[in-house]
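The block underneath contains the structure these notes are about, expressed in structure tokens.
Protein chains in written order, with the working numbering: chain A, 1 to 470; chain B, 471 to 519.
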């Protein structure tokens with residue numbers, strides 16, 4: 001049910017901060033087990049410029065999106081503007097997490113239902129290449145705010161409190177238990193929720209860190225101290241990386257459908273010590289012949305024999321095509337990519353804005369170079385065509401370009417790890433050294449793979465619901 | 471004697487060249503070249519291209 005205040009509310013067992021895909025999924029699952037939940041959402045049902053302005057922040061390092069608009073502060077969170085692309089992370093990615101792959105994979109079917117995905121995912125299917133396999137992304141476009149609003153409204157166990165900002169969390173004297181939440185409900189004075197049972201922070205890949213950092217900073221005791229909050233922040237560097245000229249029928253066959261991608265095999269990743277990555281091609285069908293000739297002008301000086309061969313094939317019909325190669329690549333978690341709090345800029349409630357330090361890093365360019373050169377060699381060996389790689393992969397001149405090589409995928413900051421001084425949460429997403437505080441969302445990912453994170457966020461939400469109720 | 475020596479050297483060099491040629495040719499055949507510093511692309515090419 002929708003509530004406007006907390007004055008007369010008998011406090012539920014679970015308090016979830018954040019009404020995005022993670023928070024809503026968890027609330028719905030807890031309700032199924034007849035548990036009572038208070039779901040606090042900072043925004044309303046629609047976009048509001050004033051509320052959104054709380055997300056202002058500064059970026060240092062490589063070019064990145066405006067932090068105010070790279071996520072959304074209203075019911076449904078960033079599912080209000082996502083493209084719906086999703087896929088489960090590879091087994092290889094999860095193996096680096098402090099949990100078993102099956103613990104995540106067992107929620108795949110349920111996640112597909114939530115995201116309304118009907119097709120099966122293609123995972124590491126063999127291709128004509130030795131070192132590359134095929135994987136697919138499916139469209140699971142679900143706007144969580146719209147899909148679940150009626151259910152949240154009718155529910156007798158979920159109490160949805162919108163337009164309410166959580167200002168900070170406070171703990172007991174030894175810092176091990178969250179005892180109160182300070183919040184500001186629209187048009188009301190600041191309030192405190194006391195006598196908490198379990199608190200789950202699910203505000204997104206940037207705000208999770210911000211809320212914990214601020215709570216830590218103003219805490220008078222050891223609450224959240226010595227935890228690397230905000231560290232190991234990651235993205236999925238992505239963009240266009242070159243072109244391929246190839247036999248049209250073969251290239252089309254390799255990338256059977258638009259949602260198919262070439263991914264390096266696990267052996268290749270391990271042998272070459274590269275990150276996980278995926279490549280797709282974008283066909284230039286509308287003016288294919290013209291584009292092909294344009295690219296050939298460059299290529300013919302370097303490779304006259306090959307150029308001649310293709311030009312000769314023009315006489316009857318276009319048997320070759322030119323395609324732009326696109327990529328999305330894993331970024332290694334690095335301590336220097338982090339979220340900190342501004343000392344000079346604050347939002348309306350005097351909470352410091354975010355300072356995001358983000359650089360793409362050499363590991364990404366090493367991965368792109370190694371894997372594309374290998375793909376180029378396999379194009380030759382299989383007599384498919386040739387690959388031209390953009391120079392920026394070699395000289396990193398992208399740093400001077402206006403393009404942003406990122407994907408609005410905010411991961412890390414409160415990562416999951418069993419190692420001391422690395423993780424903020426344990427394998428059950430409980431904040432270390434606390435008894436009743438959990439973090440949920442992509443901020444807990446210890447590695448990000450190359451697939452869009454929402455599918456894994458929903459899987460983790462289902463897993464946490466199971467953990468909290470058993 | 472000198473002429474014979476020169477002849478012998480020439481034959482030796484040509485023999486060496488002939489014997490090495492298939493190896494060089496074979497190597498070139500399978501060695502893909504990364505052609506750098508041309509316009510905005512670095513093309514992965516075969517030596518035959």
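Where a beta carbon is used, it is the ideal one built from N, C-alpha and C, also for glycine. All figures in this text were calculated on a predicted structure; none of them were measured in a lab.
I'd like to know whether the C-beta atoms of residue 242 of chain A and residue 325 of chain A end up nearer to each other than 7 Å. With respect to residue 325 of chain A, residue 242 of chain A sits close: the two C-beta atoms are nearer than 7 Å.
I'd like to know if residue 480 of chain B contacts chain A, where contact means its C-beta is closer than 7 Å to some C-beta of that chain.
No - not a single Cβ of chain A is within 7 Å of the one on residue 480 of chain B.
**Message:** Short of 6 Å in beta carbon distance, which residues of its chain neighbour residue 139 of chain A, apart from the five on each side in sequence? Order them along the chain.
**Reply:** 84.
Nearest CA to the CA of residue 168 of chain A: which residue from A/174, A/195, A/156, A/219?
Comparing C-alpha distances from residue 168 of chain A to each of A/174, A/195, A/156, A/219 shows the shortest one belongs to A/219.
Going by DSSP, what residues sit across from residue 243 of chain A in a beta bridge? Beta-bridge analysis with DSSP links residue 243 of chain A to A/324, A/388.
Quiz item: So which residues of chain B does residue 240 of chain A contact, with C-beta pairs closer than 9 Å?
Solution: Result: empty, since nearest Cβ-Cβ is about 12 Å, beyond 9 Å.
Just to confirm before moving on: does the CB-CB distance between residue 234 of chain A and residue 98 of chain A stay below 7 Å? Cβ distance not < 7 Å, so residue 234 of chain A and residue 98 of chain A don't count as in contact.
Residues that residue 389 of chain A contacts on chain B, provided the C-beta gap is smaller than 9 Å
Result: 504, 511, 512, 513, 514.
Name the chain A residues that come within less than 7 Å of residue 518 of chain B, Cβ to Cβ?
Those are 305, listed as they occur along chain A.
Quick test of the definition: if touching needs 3 or more C-beta pairs under 8 Å, does the stretch 191-206 of chain A touch the stretch 431-442 of chain A? Counting Cβ pairs under 8 Å, three or more are found: they touch.
Does residue 187 of chain A come out as helix, strand or coil in the three-state DSSP assignment?
Looking at residue 187 of chain A - three-state DSSP - the assignment turns out to be coil, as it is neither helix nor strand.
- Message: Please list the terminal residues of the continuous beta strand (DSSP E) segment that includes residue 6 of chain A.
- Response: Premise fails: residue 6 of chain A is in no beta strand (DSSP E) and is neither H nor E.
Buried versus exposed, by CB contacts within 10 Å (16 or more), residue 189 of chain A
Exposed is the call here.
Please state the DSSP three-state secondary structure of residue 458 of chain A. Here residue 458 of chain A sits in helix by DSSP.
**Report entry** Minimum Cβ-Cβ distance from residue 310 of chain A to chain B less than 7 Å
**Finding:** False, the Cβ-Cβ gap to chain B never drops below 7 Å.
Margin query: Using only CA atoms, which one of A/419, A/41, A/206 lies nearest to residue 339 of chain A?
Written below: Ranking the options by Cα distance to residue 339 of chain A, first place goes to A/206.
Can you tell me where the alpha helix (DSSP H) holding residue 208 of chain A begins and where it ends? If you look at residue 208 of chain A, you'll find it in the alpha helix (DSSP H) that goes 207-218.
Checklist entry - So is residue 286 of chain A buried or exposed if we call it buried at 16+ other beta carbons inside 10 Å? => result Residue confidence for residue 286 of chain A is low, a pLDDT of 48 falling below 50, so the modelled location carries little weight and cannot support an answer.
**Prompt:** How far does the beta strand (DSSP E) with residue 338 of chain A in it reach, from first residue to last?
**Reply:** For residue 338 of chain A, the uninterrupted beta strand (DSSP E) segment begins and ends at 338-346.
Taking any Cβ of chain B, which residues in the stretch 249-280 of chain A have a Cβ under 8 Å from it, in chain order?
-> Those residues of the stretch 249-280 of chain A placed with their C-beta closer than 8 Å to a C-beta in chain B do not exist.
Exercise. Name the DSSP bridge partner or partners of residue 162 of chain A?
Worked result: According to DSSP, residue 162 of chain A bridges with nothing at all.
- Name the chain B residues whose beta carbon is nearer than 8 Å to that of residue 396 of chain A? Ordered by position in chain B, no residue passes the 8 Å Cβ test against residue 396 of chain A, which lies about 13 Å from the chain.
Run the CB neighbour count on residue 6 of chain A, radius 10 Å, all protein chains shown included, and call it buried at 16 or more, exposed below. The residue in question, residue 6 of chain A, is buried, as its Cβ has 16 or more Cβ neighbours within 10 Å.
So residue 377 of chain A is in the beta strand (DSSP E); what residue range does that whole segment cover?
Element bounds for residue 377 of chain A: not the beta strand (DSSP E) but the alpha helix (DSSP H), 362-381.
Task: C-beta neighbour in chain B for residue 378 of chain A, strict 7 Å - done: By this cut-off, residue 378 of chain A is not an interface position.
Using the C-alpha atoms, what's the distance from residue 228 of chain A back to residue 512 of chain B?
Straight-line Cα distance between these residues: approximately 41 Å.
List the endpoints of the continuous beta strand (DSSP E) containing residue 229 of chain A. For residue 229 of chain A, there is no enclosing beta strand (DSSP E), as DSSP gives it neither H nor E.
For a cutoff of 7 Å on Cβ pairs, would you count residue 302 of chain A as touching chain B?
By the rule that beta-carbons nearer than 7 Å mark a contact, residue 302 of chain A touches chain B.
Residue 25 of chain A (DSSP reduced to helix, strand or coil)
Residue state, collapsed to three classes: helix.
What's the call for residue 129 of chain A, buried or exposed, on a 16-neighbour Cβ count within 10 Å?
That one is buried.
| field | Interface flag, residue 386 of chain A vs chain B, CB-CB below 7 Å | value | Yes - at least one Cβ of chain B is within 7 Å of the one on residue 386 of chain A.
Original post:
What number of angstroms, rounded off, separates the C-alpha of residue 384 of chain A from the C-alpha of residue 484 of chain B?
Top reply: Looking at the two C-alpha atoms, the distance is approximately 38 Å.
Exercise for review: Throw me the rounded Cβ distance for the residue 214 of chain A and residue 352 of chain A pair, which I believe falls under 8 Å.
Suggested key: The beta-carbon distance between residue 214 of chain A and residue 352 of chain A, rounded to whole angstroms, is 7 Å. This is short enough to meet the 8 Å contact definition.
Practice problem: Count the C-beta pairs between the stretch 47-58 of chain A and the stretch 344-361 of chain A that are closer than 8 Å, then say yes if the count reaches three, no if not. | Solution: The stretch 47-58 of chain A is in contact with the stretch 344-361 of chain A.
Requested in this report: Might you give, ordered along the chain, the residues of its own chain that have their beta carbon closer than 7 Å to the beta carbon of residue 46 of chain A, omitting 5 neighbours on each side?
Outcome: 74, listed in sequence order.
To the nearest angstrom, how far is the alpha carbon of residue 506 of chain B from that of residue 278 of chain A?
Because the pLDDT at residue 506 of chain B is just 46, under 50, the model does not fix this residue reliably, and the point stays unresolved.
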